Every structure is written in structure tokens, then in C-alpha cells.
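Written out below as C-alpha cells is the structure these notes cover.
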Amino acid sequence: MKNSHLKELTKGIWKENPIFVIMLGMCPTLAVSTQVSNALGMGLGVVFVLTLSNIFISLLKKVIPDSIRIPSYIVIIASFVTILEMLMHAYMPSLYDALGIYLSLIVVNCVILGRAEAFANKNSILDSALDGIGMGLGFTLGLTIIALIREVLGSGTITLFAIGGWDGVIRIPGLASTPIRVVGMSAGALLVMGLLKAFFTWKDSKKGEEK
Amino acid sequence: MKNTIVTSVVLFLICAVCAVLCASVNYVTAPRIEENIRIANAEALKSVAGDLEIGETVAVENYEGVKESTDLYKDGKKVGTALLLSGSGYGGSFSIIASYDTKGALMGAKMTVDSETAGLGKKAEESWYMDLFVGMGVDKSFPSAPKDLSADETALVSGATVTFKGVSKALKNGSDYIKEGAK
Numbered sequence: 188m189k190n191s192h193l194k195e196l197t198k199g200i201w202k203e204n205p206i207f208v209i210m211l212g213m214c215p216t217l218a219v220s221t222q223v224s225n226a227l228g229m230g231l232g233v234v235f236v237l238t239l240s241n242i243f244i245s246l247l248k249k250v251i252p253d254s255i256r257i258p259s260y261i262v263i264i265a266s267f268v269t270i271l272e273m274l275m276h277a278y279m280p281s282l283y284d285a286l287g288i289y290l291s292l293i294v295v296n297c298v299i300l301g302r303a304e305a306f307a308n309k310n311s312i313l314d315s316a317l318d319g320i321g322m323g324l325g326f327t328l329g330l331t332i333i334a335l336i337r338e339v340l341g342s343g344t345i346t347l348f349a350i351g352g353w354d355g356v357i358r359i360p361g362l363a364s365t366p367i368r369v370v371g372m373s374a375g376a377l378l379v380m381g382l383l384k385a386f387f388t389w390k391d392s393k394k395g396e397e398k
Numbered sequence: 071m072k073n074t075i076v077t078s079v080v081l082f083l084i085c086a087v088c089a090v091l092c093a094s095v096n097y098v099t100a101p102r103i104e105e106n107i108r109i110a111n112a113e114a115l116k117s118v119a120g121d122l123e124i125g126e127t128v129a130v131e132n133y134e135g136v137k138e139s140t141d142l143y144k145d146g147k148k149v150g151t152a153l154l155l156s157g158s159g160y161g162g163s164f165s166i167i168a169s170y171d172t173k174g175a176l177m178g179a180k181m182t183v184d185s186e187t188a189g190l191g192k193k194a195e196e197s198w199y200m201d202l203f204v205g206m207g208v209d210k211s212f213p214s215a216p217k218d219l220s221a222d223e224t225a226l227v228s229g230a231t232v233t234f235k236g237v238s239k240a241l242k243n244g245s246d247y248i249k250e251g252a253k
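First to last, the sequence lines map onto chains A and B. The letter at position 55 of the first sequence is residue 242 when you use the working numbering, and the numbering goes up by one with no holes. The letter at position 63 of the second sequence is residue 133 when you use the working numbering, and the numbering goes up by one with no holes.
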């Protein structure tokens, strides 16, 4: 893989992370980050929609007239979200139930429309696909970090996916019986998000000073 | 003029391709989704029936909001009915399986299919939420809004008034159906 392609894939994971750096898709980030399993499910849903919509939009970039650019993107994104919804409802019903209305709201996730407008309609299919995967993974990583902190401190558990007889929940001794409830609530989401953003900004500024 | 036609044709083609894609996925997933709903409803029916014996399920027609009816028995005697109810919440339509005694008082209920908001309307999926309505329908009427509940109970369901009203209306509808049938 060429260096430039690799850069498109990796930039979204850390350097241009959609949650901590670009700060897009805040609404689902704050709402869905109550459990690690929800964050992983939502994140992978975004990877699916973002990658396929980026590929489609890049493929059609010369065909779509400028005047109907945004409506066309919305139709394409909404179609992939509908497909994702149907697949999740059929094959992952518990995750589908847990994500509820937020799954449909991927349509208006700014990360997806943002990447379509800022990247996919100007770049090749391969680069757009890599951008979609990278940004999607970066979104998943950010969402999962926030969910992990919120769930561990707010509930004293880490909820993954049930396998066989195991219910998929890791209970943390001490914290499970006396969790810091506010972290699991809406105020806790903003608090955790703010602290993580401050950490990323500090890390970036430190890097800048070193250079 | 030419520009308008080209633009319209392009948008039409994009919509058509997307519609075909969605229809194809729907064709593959629809039977599986139906099966998942059937399993969820069967589990909910077992849960609301408790230790009662479950009779045959029959489809209900011409009564809005009531889809199916299942008689519940104890020692061979009919003691209640479980209904598959539909209603409308904040996120769209939902389904509830509810059991009533022969007079129309609610014995138990469980929400099976819904698109309510996580952390708000989704509370209706939890057993304590439906327990708020248990016993209502005969001596005590169903609440029309959260304010009709006690202060503590109102606090529990706050933030999702539309869901609460939808659930209460659907359960009342089921109770009315039983009462009308009993006449």
C-alpha cells in the first residue's frame, strides 16, 4: 500500500479523530456512550455506512450535478442506514433494540455527511473507502473510550456481547456496588467528553512545543 | 430546460438504484425479522402469563390497536386473556403483550417492539415501568398523563411523556376490548 493511501486510512484514527479533534457526531457520541457494547455497535454501524457512502459518492462525483449534491448524498446515506437497520434487526436484534432511534439517526450524523462533502466528492474511490474506514474506526475508538470510562465509573461494569451462557457483562469488584452514578448520566457524558478533549488538546500542544 | 431535465434524471436514477438496493436487502432480511418478532412475542407472552396455561392465539380484526388475543387458563378454567396491542410513542409505533383478568384489569405487560429513545422512552421496556399500570382498568382507571401518578412515580417516567401517554392509551384500549367482549 502506498504511503498516501496508508495516510488516508490512519489519519482518522488519531490525528484527525472525528470525535476528539474534528468534533463531529457529538449527539450520538454523548447519547450512545452509556455502554461499551452500544458504542461498539454504533461505531461499527458508522464504519459500514461511512465506507459504503464514501465509495458511492466518490463513484458518482462526476455524475451528480452541483445543485443536487446534498440531496443526493442524503439519499445515498439514508439508503445505507436503512440497509444497516434491516441487517441489524435481522441478525443482531438485541443490539438493534439497544441502539433504538440512534441507529436511524446515523443519517444525520455529521461525520458521514461531512466526509462526503469534504473528502469523497473530491477524491478517488480507493482513497474515499480508506478515509471512510479510518474515520469510522476513529469514531468507534473515540466512542468506545468514552463509553468505557462512563460505564466503568458510572455502573462498575463493562458490557460486551453475550456469548453462549456468558451474559457479556464484566462486573468490577468495589465499583459495581458503589458506582459514581453521575458519570453514567447525561452530565457525566459532557464531563468525560470535556476532559478527554482537554487531554487531546494538551497532547497536541505538547507535540507542537517539541517541534 | 436541458439542465433541469438532466438534474431530474440523475436524481431519479440515484433514488431508483437506492430503492432497488433497499428492496433487495429487505427481501433477504424480512423473514428473519418476522421470526425474531415472533420469538420476542412468544417470550413476552410466557412472561405476562406467569404460571397460567396459554391457550390458542387468534387474530383480532376490526378493533383498532388489538392485533391478537390468547386465552389464559388455570386448572382448565379461563381466568384471563393476553392481547397483542399496538400503539404509538415518540419514536413511532410499538407493540405490547398485555394480560388482563376476565373483568379487564391489567395483570402484566411487556413492550416487545419499539423505537423509543434510549434512556427516556426505552424505560418502557423495563418491568417496573409496566408494573405502574398493573391492577388498573376496573376499579382504577389508566392515567392519561404522568401527572396522574404519584410524585415518585411521575419522577420515574419523566422525560418521556409521549411514550407514557402512548403506553397508557394502548393498555386502556386492551382493557376496553376485554370489557366489551365480556358484555
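Ideal Cβ positions, reconstructed from N, Cα and C, are used throughout, including at glycine. Bear in mind the structure is a predicted one, so any value in this text is a computation, not a measurement.
- In the three-state reduction of the DSSP assignment, B:L219 falls in the coil class.
- Secondary structure of A:V223 (DSSP, three-state): helix.
- Taken in chain order, the complete beta strand (DSSP E) segments of 3 residues or longer contained in the region 141-228 of chain B are 147-159, 162-171 and 176-183.
- Among the bridge pairs identified by DSSP, A:W353 is matched with A:I350.
- DSSP places A:T365 outside both helix and strand once states are collapsed to three, so it counts as coil.
- Each residue's CA atom was taken as its position, placing B:K148 and B:T140 some 11 Å apart.
- At a beta-carbon threshold of 8 Å, none of the residues of chain A lie near B:S163; the nearest stands roughly 13 Å away.
- Between the region 281-292 of chain A and the region 183-198 of chain B there are three or more inter-stretch CB-CB distances shorter than 8 Å, so the stretches are counted as touching.
- For secondary structure counted as the beta strand (DSSP E) over 3 or more consecutive residues, the region 96-136 of chain B holds these complete runs in sequence order: 123-129.
- Annotated as distal: A:A307 and A:S254, with beta-carbon spacing of 7 Å or more.
- B:V80 reaches chain A at V250, I251, P252, I255 and S259, counting residues in chain order whose Cβ is nearer than 8 Å.
- With respect to chain A, the C-beta atom of B:R102 has a partner C-beta closer than 7 Å.
- Assigned with DSSP and collapsed to three states, A:I345 falls in strand.
- If only uninterrupted alpha helix (DSSP H) runs of at least 4 residues are considered, those enclosed by the region 235-319 of chain A are 256-278, 280-286, 288-291 and 297-302.
- Residue pairing by DSSP puts B:S139 in a beta bridge opposite B:V128 and B:L153.
- Within the region 215-228 of chain A, the residues whose Cβ lies closer than 8 Å to any Cβ of chain B are, in chain order, A218, V219, T221 and N225.
- Taking 7 Å as the threshold, the shortest C-beta distance from A:I288 to chain B falls below it.
- Interface flag for B:T77 against chain A is set, since a Cβ pair is found closer than 7 Å.
- Under the DSSP definition of a beta bridge, A:R358 partners with A:T344.
- With a threshold of 7 Å between beta carbons, B:T74 makes no contact with chain A.
- With 16 or more other CB atoms across the displayed protein chains lying within 10 angstroms of its CB, A:D284 is buried.
- From the beta-carbon of A:P280, the residues of chain B found nearer than 7 Å are N106.
- The straight-line gap separating the alpha-carbon atoms of A:E397 and A:K390 is approximately 11 Å.
- Annotation: the continuous alpha helix (DSSP H) that includes A:A376 extends over S373 to E397.
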